[in-house]
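*Asks:*
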Amino acid sequence: MINVTGLTKVYGTNKAIENLTFNAEKGEILGFLGPNGAGKTTTMRVLTGFLPPTSGKVTIGGFDIIEESIKARRLIGYLPETVPLYPDVRVAEYLKFMADLHHVSDVDKKVDLILAKVGMQERSNSFIHKLSKGMRQRVGLAQALIHDPQVLILDEPTIGLDPAQIKEVRDIIKEIGQNHTVLLSTHILSEAQQICDRVLIINKGHIVAEDSPEHLQNRLSGARRVTISSPGNAQEAVELLRLKLDYSHPVIIDENTLQFENHPDQDLRSDVIRLLVKNNIEFSEIFSESINLEEIFLQLTREESSTLPQVSNVTTLPVEKE
-10 MINVTGLTKV YGTNKAIENL TFNAEKGEIL GFLGPNGAGK TTTMRVLTGF LPPTSGKVTI
50 GGFDIIEESI KARRLIGYLP ETVPLYPDVR VAEYLKFMAD LHHVSDVDKK VDLILAKVGM
110 QERSNSFIHK LSKGMRQRVG LAQALIHDPQ VLILDEPTIG LDPAQIKEVR DIIKEIGQNH
170 TVLLSTHILS EAQQICDRVL IINKGHIVAE DSPEHLQNRL SGARRVTISS PGNAQEAVEL
230 LRLKLDYSHP VIIDENTLQF ENHPDQDLRS DVIRLLVKNN IEFSEIFSES INLEEIFLQL
290 TREESSTLPQ VSNVTTLPVE KE
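Be aware that the sequence shown starts at -10, since it is given in the working numbering, and climbs by one per residue.
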């Protein structure tokens, strides 16, 4: 339903996003992760037709978002980070107004159905300004769904909510995702793991990782980083390992320390020790560290992440020493 190819958006000399390519299908919840300023909101504004791209192509349900903008936007339900609500209007009145804007037939029946879907039937006559933030988020979801869109684009839908409200909104999104294409922006890895079928991690306008949460976790959970302390000999040790064990991809941390990734199905420490001893390279310590999955998102979006070794196609992550 969503197809993005080579998408770039430039503001002056600043490239907010550059050459993004991805897709999302019906019945899929795609998580769009990244820190503030990574390009998530810009991407969503381009996908919804709010901003024109500098280059690249976006199609929604086969319709080009620029050349067939009206047809494409009719397929989209959009919940921006700041929910577009009128505080002095009652919930049902607001949803009827939004339904009229979308030329929805049988408005009263549709509003009742949507209120039931988001669990707001008992608050239909409440003024919006009297609702909690979690309830207002539900109303925001309702307005995005009122015209039964095929594609739902949600920008940080749980931001600012308490844990109970977050769970409520997540449950609604998971239910919606069974029959819609959902693109969900968030900067919380655990949220994506709980409700998304697939995640894209974006940093500085580029996609730095793409996989299902399960595969991402499985690929990284068994991987380990081996650290070797070799006072004054780190450079020599790295050159030796690159020559003899080219698959270990060692890197220098400082003049006394080097590191390499140990794939889950192999342990290179014995080979490394033999090589160091055979070539008279002294070392004082060698230890293995497990990757901390809670830090996946943080490491992939750090300045220095591009300088670190890799596990499969995902940048090496921070670790906890065991």
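All residues carry an ideal CB built from backbone N, CA and C; glycine is no exception.
Distance check for His195 and Arg263, CA to CA, integer angstroms please.
*Replies:* Their backbone Cα atoms lie some 41 Å apart in a straight line.
*Asks:* Does DSSP put Thr(-6) in a helix, a strand or coil?
*Replies:* Note: Thr(-6) maps to strand in three-state DSSP.
*Asks:* Gly38: which of Val72, Leu64 and Ala13 sits nearest, CA to CA?
*Replies:* Comparing Cα-Cα distances from Gly38 to each of Val72, Leu64 and Ala13, the minimum goes to Leu64.
*Asks:* Let's test the definition: count the other Cβ atoms within 10 Å of the Cβ of Ser219 and tell me whether it reaches 16, buried, or not, exposed.
*Replies:* Answer is buried; the Cβ neighbour count reaches 16.
*Asks:* Using beta carbons (cut-off 8 Å, strictly below), is Val128 in contact with chain D?
*Replies:* Going by chain labels, chain D is absent from the structure shown, which holds only one protein chain.
*Asks:* When you compare the CB positions of Thr71 and Lys(-2), do they come within less than 8 Å of one another, or not?
*Replies:* In this structure, Lys(-2) does not lie closer than 8 Å to Thr71 by Cβ.
*Asks:* Hey, Thr10 and Gly(-5): beta-carbon distance below 8 Å or not?
*Replies:* A contact, by the Cβ cut-off of 8 Å.
*Asks:* Can you name, in chain order, every residue of its own chain whose Cβ lies under 8 Å from the Cβ of Glu17, other than the five neighbours on each side?
*Replies:* Result list for Glu17: Gly166, Thr170, Val171, Asp186 and Arg187, in chain order.
*Asks:* What residues in its chain sit with their C-beta under 7 Å from that of Glu7, if we drop five residues either side in the sequence?
*Replies:* Same-chain partners within the cutoff: Thr(-3), Gly194 and His195.
*Asks:* Going residue by residue through the region 58 to 127, where are the continuous beta strand (DSSP E) segments of at least 3 residues, counting only ones entirely within it?
*Replies:* Taking only runs of at least 3 residues, the beta strand (DSSP E) segments lying wholly in the region 58 to 127 are 65 to 68.
*Asks:* Apart from the five residues on each side of it in sequence, which residues of its chain come closer than 6 Å, Cβ to Cβ, to Asn302?
*Replies:* Confidence in Asn302 is poor, its pLDDT being 39 and thus under 50, which makes the residue's placement unreliable; the coordinate value appears in the next sentence. For Asn302, where only same-chain residues beyond five positions count, there are no Cβ hits under 6 Å.
*Asks:* May I ask you to report which of helix, strand or coil DSSP gives Ser259?
*Replies:* In the structure shown, Ser259 sits in a helix (DSSP, three-state: H, G or I).
*Asks:* Work out the CA separation of Leu234 and Glu250 for me, nearest whole Å.
*Replies:* About 12 Å.
*Asks:* What is the C-beta distance between Val266 and Leu247, in whole angstroms, given that I count them as a contact (C-beta under 8 Å)?
*Replies:* At roughly 16 Å, the Cβ-Cβ gap does not stay under 8 Å, so Val266 and Leu247 are not in contact.
*Asks:* Tell me the rounded alpha-carbon separation between Ile270 and Val215.
*Replies:* Approximately 17 Å, taken between the alpha carbons.
*Asks:* Could you pull the start and end residues of the alpha helix (DSSP H) that Leu36 belongs to?
*Replies:* Leu36 -> alpha helix (DSSP H) spans Lys29 to Leu36.
*Asks:* In this structure, does DSSP put Glu14 in helix, strand or coil?
*Replies:* It is coil, neither helix nor strand.
*Asks:* Based on the DSSP output, what are the partners of Thr170 in its beta bridges?
*Replies:* Its beta-bridge partners are Val140.
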